[in-house]
Amino acid sequence: MTSFMPFAMRLLAALALLAALPTAGHAQPSAPPVPGFGVMVHYLPDKQSIGEIRRFDVEAFASSLAEMRASHLILTLGQNNGQYIAPNAALEVLCPSSAANRSPRDLPLEIGRALRSRGITLILYLPFRAPQGDRALMDCLGDVSEQEPPPARFIAAWSSVIRDWSERYGVLASGWWFDGTYNTRGITPAGWEMLCGATRAGAASRLLAFNAGEGAERFSAKSAPCQNLMAGEYMQPPAHLSRPPSELTFHVLTPLGASWGRESPARFTAAQLRDWISEAAAANGLFTLDMPIDATGRFLPAHVALMKSVTARSKP
């Protein structure tokens with residue numbers, strides 16, 4: 102692990118670089134998702150390499166979402182293998198040797214613009230902690246196991262990384278969905294202020310979800326002081342959705358297939374999906390289906406056909 106002084110110098114350099122980068126000025130309000138149906142994709146899993154990002158067909162991807170009448174997309178910037186689908190100025194300064202795991206193509210920027218032209222909002226996905234499968238990057242950022250409290254040094258570093266993406270995408274990003282928020286003990290009010298401020302940089306009114314785990318006891322939990330959206334993770338939603346007592350925007354998130362990002366037949370019928378989407382909209386909330394895509398950004402044709410039938414508008 103690197104010593105504190107070189108890390109502190111790199112962190113100051115990262116913050117100085119962010120301050121010098123051009124931004125959209127003051128944080129602007131971002132467009133909220135329309136209540137109802139949206140899609141999550143687990144893009145760039147371990148089986149893919151960072152080089153495959155060049156094959157991603159943004160227009161085909163966005164067109165499929167529009168055909169399914171999705172109101173929002175939750176997109177993985179990266180997961181736990183240390184690869185990210187966009188450059189990050191703060192991360193390049195803090196951990197320059199990790200730059201090989203980031204593509205020069207800014208895929209979220211391209212996707213965000215394509216979605217905005219179609220009236221679909223973008224929510225960015227990121228683990229709450231450093232990538233647990235990349236030991237070198239964890240050490241560089243000063244993090245430990247996500248089951249343990251996050252060190253203050255990590256909170257400062259990760260906040261600068263989040264702020265870079267937040268300012269880069271501005272109003273194109275309507276929210277953040279943070280995974281693996283399992284242990285927040287020891288985060289000080291100043292630490293939360295740093296993190297929460299980073300999530301709102303560039304767009305003040307974003308939806309913010311911090312996922313503490315799956316199921317009835319945790320899908321609606323509030324895990325951060327700035328959280329305003331239920332994380333929603335629910336592998337087997339109840340037959341009928343009902344809003345639990347909560348100040349958070351209602352949200353249920355479940356995979357359409359057998360598991361997250363898994364290419365498999367749909368687990369639910371059109372009638373089930375139609376009812377859940379309607380019930381979420383009635384609660385002024387969101388119902389999100391995780392759907393697999395291939396390296397080019399194409400969904401399974403059977404899944405697209407199913408969702409087009411589910412969301413088809415009734416003829417007068």
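At position 314 of the sequence shown the residue is numbered 415 (the numbering used here), and the sequence of numbers has no breaks.
Every residue gets a Cβ at the ideal spot worked out from N, C-alpha and C, and that includes glycine.
Note that this is a predicted model, so its numbers are computed, not measured.
Partner residues in the beta bridge of T350, as assigned by DSSP, are L330.
Under DSSP, I224 shares a beta bridge with I175, G276. Secondary structure note for V405: its alpha helix (DSSP H) is the uninterrupted segment 402-412. In terms of Cβ geometry, L401 and V140 do not form a close pair [threshold 8 Å]. The C-beta separation of I151 from Q184 comes to about 5 Å, placing the pair in contact by the 8 Å criterion.
Looking at L342, R363, L357, A332, the one whose alpha-carbon comes closest to that of T350 is A332.
Here A310 has W278, L330, A332 as same chain residues with Cβ atoms under 6 Å from its own Cβ, once five neighbours each way along the sequence are excluded. Note on geometry: alpha-carbon atoms of E315 and S379 lie some 22 Å from one another. For the pair P250 and M239, the Cα-to-Cα distance works out to about 14 Å. By alpha-carbon distance to A291, the top candidate from A253, S321, S306 is A253. In the assembly as shown, T289 is an exposed residue. Its beta-carbon has fewer than 16 other beta-carbons within 10 Å. In the displayed model, I394 falls within a strand according to three-state DSSP. As computed with DSSP, P290 is found in no beta bridge at all. The Cβ-Cβ distance between M169 and K409 falls below 8 Å. The segment 292-305 makes no contact with the segment 335-343; the number of CB pairs closer than 8 Å stays below 3.
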